[in-house]
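Just below is one structure, and these are the notes that go with it.
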Amino acid sequence: MTRLTPQTLPLPLALADRLGSVVHRVAEQVTTAHQAARSRRALARLEPHRLDDIGVSESARARELARPFWNV
Numbered sequence: 031m032t033r034l035t036p037q038t039l040p041l042p043l044a045l046a047d048r049l050g051s052v053v054h055r056v057a058e059q060v061t062t063a064h065q066a067a068r069s070r071r072a073l074a075r076l077e078p079h080r081l082d083d084i085g086v087s088e089s090a091r092a093r094e095l096a097r098p099f100w101n102v
């Protein structure tokens with residue numbers, strides 16, 4: 031079995047850094063989409079008088095709930 035050390039890794043360091051950056055951006059996007067989905071579920075559960083309290087109309091709520099989870 032081959033043992034990989036920092037000196038023998040097959041990826042150049044610059045490529046590894048770029049890959050890490052891409053993974054970080056994807057993780058941020060997934061987190062943002064998850065937060066938006068949670069917020070939309072909470073919005074869906076609000077009663078009409080609570081919507082009035084926060085100044086959101088039924089039609090605005092419907093538009094927000096119709097958006098796909100990745101559309102933040």
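The numbering used here applies: residue 31 is where the sequence shown begins, and numbers increase by one.
Even for Gly, the Cβ is constructed at its ideal location relative to N, Cα and C.
Nothing here was measured: the structure is a model prediction, and the numbers come from that model.
Do ALA74 and LEU95 have their C-beta atoms within less than 8 Å of each other? Looking up residue 74 in the sequence shown gives position 44. Looking up residue 95 in the sequence shown gives position 65. In this structure, LEU95 lies closer than 8 Å to ALA74 by Cβ.
I believe PHE99 touches ALA63 by the beta-carbon criterion, under 8 Å. Please report the beta-carbon distance rounded to the nearest angstrom. In the sequence shown, residue 99 corresponds to position 69, counting from 1. In the sequence shown, residue 63 corresponds to position 33, counting from 1. Confirmed, about 5 Å.
Uninterrupted alpha helix (DSSP H) stretches inside the region 35–94 (no shorter than 4 residues): Listed in chain order, they are 43–75 and 78–84.
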